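Here my numbering is used: the first residue of the sequence shown is 42, the next is one more, and so on.
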Amino acid sequence: MNVYDSQVAAGLLEKAGFEVIREPESTGDPKGPLSGGADVVIMNTCSVRDHAEQRVWGRLGMLGVEKKERPDLILGLMGCMVEEHGDRLFKRFPQLDFLIGTRNVRDLPTIIGDVGKNRAQAAAIGKSGISIEYSEFTKRDSPFHAWLPVMTGCDKECTFCIVPKTRGAEVSVPADKVVREAERLVSGGVKWITLLGQNVNSYIGSEKGNSFPGLLEMLCHIGDLERISFTTSHPSDATEELFQMIAKNPKISRRFHLPLQSGSDKILKRMKRYHTYGEYTAKINRLRELVPDVSITTDIIVGFSGETEEDYLATKRSLEEIRFDGAFIYKYSVRPGTPAEKLPDDVSPGDKALRNNELLAIQRTITDEKNRENLGKVVSAFVEEAHPERKGEWFARTDQDRRIVFPSLADLRGKFVRLRVIALRHETFLGEVV
Ligand code: SF4
């Protein structure tokens, strides 16, 4: 969602006459000033992990030092941290010039103009409405792929998560508006759309109650739209209707990301995940039955409050039983402001590290074994971009969202090709056109 918001912000600023540059790390001058010489620095912030927040504080400190030498430098923050801390941030960081809430991205050019003119701090932090902006000026990375947020906020209450606090209750974009935006993107050359939402599969698109599967069906009718993917889903909203919709529509991506978080029912309850391990596996089994070529990935938190050795072993068993195609495995760290802040952080750092490393090793082996099952197979893949270093080679994504590199004299960007998987390099397939 943050990537999308940054793309919208960059597009609106360019339209207003600003030249948008990337952060210094990506322009190849890590030793240069953090501002990269820009007149205005905007950080689009995410609050999900405390570590990310700490980095923003650190960068604000460095930019404050730079601003002492260059008082005209304008510093602004946007995103979830603005929602979480509001204009208290001005007190803590007097070097900040402006704050933009998640519902106010459109105000960016005006607020920068005002700060430049008045040299006074300014904030635009709306509390009503939806924090999703559709804009024809969005500066996308690819001409063929677009992110499309369809809902925001979350009505679940996972105890480790800050999202309900920063993004508020669930709000969905009406289905007809989503479809119009998708049609606009497709008429501009987009072939693949990724639907976004903190809890995307609990989407309710209108008073008439379009469900998420209903929205998928409407989008599948857009003729030149060739692939639709979505993220992130919650197990309790992963329904039979959704699975049936995926099964009958080959346009819908064959990758399904469904966070499990823990294999222990006791820990799932403590996390307030609203599902047991048994319910989760029943859904996975049904999905695999209906969509045999589906690739299932997950998120795991290891070392959550109260996790005993027995709970940990249940998670370890879950990886071995379910055999995910991939998993993001994190060590738990307390996120200030979440309900879990009140629970004891009682798994030692040493145990967290041991458990994390063991799970990572298990998952690496499973992912490798599952990847190897594809060797020799012919897959359909969407060609994304040229290899940055090797001329005549191209990057594509399979229907299961795996990366595959292949040689071709023709520029096939934006097209689907059929490729035979001939080798595996780390987690990337090597292929040849068939
Ligand atoms: S469902 Fe997802 S976004 Fe909502 S509270 Fe849980 S982890 Fe956070």
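Heads up, the beta-carbon is just placed ideally off N, CA and C, and yes, glycines get one too. Note that the structure is a prediction, hence the values are computed from the model and not measured.
Spatial distance of V220 from T272 (CA atoms): To locate residue 220, count along the sequence shown from 1; it is residue 179. To locate residue 272, count along the sequence shown from 1; it is residue 231. Whole-angstrom Cα-Cα distance: 17 Å.
Cut-off 8 Å between Cβ atoms - residues of its own chain near G472, not counting five sequence neighbours on either side: For the purposes of this step, residue 472 is taken as the residue at position 431 of the sequence shown. Only V420, A422, A437, I445, V446, F447, L460, R461, V462 and I463 meet the Cβ criterion.
Whole runs of the beta strand (DSSP E) within the stretch 341–413, excluding any shorter than 3 residues: 367–372
Closer than 8 Å: H275 CB and nearest the ligand SF4 heavy atom: In the sequence shown, the residue the question calls residue 275 occupies position 234. Yes, the beta carbon of H275 sits closer than 8 Å to at least one heavy atom of the ligand SF4.
Per-residue burial, V146 [other beta carbons within 10 Å of its own, 16 or more giving buried]: For this step, residue 146 is matched to residue 105 along the sequence shown. Buried is the call here.
Paired residues, beta bridge with N538 - DSSP: Outside the displayed range of the chain (42 to 475) lies residue 538, so it cannot be described from this structure.
S67, buried or exposed, once every other Cβ within 10 Å from all chains shown has been counted against 16: Position 26 of the sequence shown holds residue 67. Because the pLDDT at S67 is just 48, under 50, the model does not fix this residue reliably, and the value given afterwards should be weighed accordingly. With fewer than 16 Cβ atoms within 10 Å of its Cβ, S67 is classed as exposed.
CA-to-CA distance, A163 to F59, given in whole angstroms: Counted from its first residue, the sequence shown places residue 59 at position 18. Counted from its first residue, the sequence shown places residue 163 at position 122. Taking the straight line from one Cα to the other gives about 19 Å.
Whether V424 touches G455 by CB criterion (9 Å): Indexing the sequence shown from 1 puts residue 424 at position 383. Indexing the sequence shown from 1 puts residue 455 at position 414. Their beta carbons are under 9 Å apart, which means V424 touches G455 by this criterion.
Coil, strand or helix - S228 by DSSP: Start at 1 with the first residue of the sequence shown, and residue 228 comes out as number 187. Helix at S228.
Ranges of the alpha helix (DSSP H) found wholly within the stretch 290–339, counting only runs of at least 4: 306–311 and 318–331
C-alpha distance - V343 paired with E350, whole-angstrom precision: Here residue 343 refers to the residue found at position 302 when the sequence shown is read from its first residue. Here residue 350 refers to the residue found at position 309 when the sequence shown is read from its first residue. Cα to Cα, V343 sits roughly 11 Å from E350.
Span separating the alpha-carbon of C202 from that of S449: Here residue 202 refers to the residue found at position 161 of the sequence shown. Here residue 449 refers to the residue found at position 408 of the sequence shown. The straight-line gap from Cα to Cα measures roughly 45 Å.
Per-residue DSSP class, three states only, for T207: For the purposes of this step, residue 207 is identified with residue 166 of the sequence shown, where counting begins at 1. Helix, per DSSP.
Distance, P291 Cα to K24 Cα: It is not possible to answer for residue 24, since the shown part of the chain is limited to 42 through 475.
Heavy atom of the ligand SF4 within 8 Å of F457 beta-carbon: For the purposes of this step, residue 457 is taken as the residue at position 416 of the sequence shown. Flag unset: Cβ of F457 not near the ligand SF4.
Helix, strand or coil at S449 according to DSSP, with G and I counted as helix: The residue you call residue 449 lines up with position 408 of the sequence shown. Residue state, collapsed to three classes: coil.
Below-9 Å beta-carbon distance, I263 vs any chain C residue: Reference to chain C is not applicable here, since this structure consists of a single protein chain.
Helix, strand or coil at G472 [DSSP, three-state]: Translated into the one-based positions of the sequence shown, residue 472 becomes position 431. Three-state result, G472: strand.
Rounded straight-line distance, which links the Cα of C87 to that of D182: As a position in the sequence shown, residue 182 is number 141, starting the count at 1. As a position in the sequence shown, residue 87 is number 46, starting the count at 1. Rounded to whole angstroms, D182 to C87 spans 20 Å at the Cα level.
Beta-carbon proximity list for K418, same chain, < 6 Å, skipping 5 on both sides: Counting from 1 along the sequence shown, the entry for residue 418 is found at position 377. For K418, where only same-chain residues beyond five positions count, the Cβ hits under 6 Å are V462.
8 Å contact criterion, which A381 and V388 should meet: CB distance rounded: As a first step, residue 381 is located in the sequence shown; it is residue number 340 there, counting from the start. As a first step, residue 388 is located in the sequence shown; it is residue number 347 there, counting from the start. Their Cβ separation, rounded to whole angstroms, is 12 Å, which puts A381 and V388 out of contact at 8 Å.
Beta-bridge partners of V212, as assigned by DSSP: Taking the first residue of the sequence shown as 1, we reach residue 212 at position 171. In the DSSP output, where bridge partners are listed per residue, V212 has T193.
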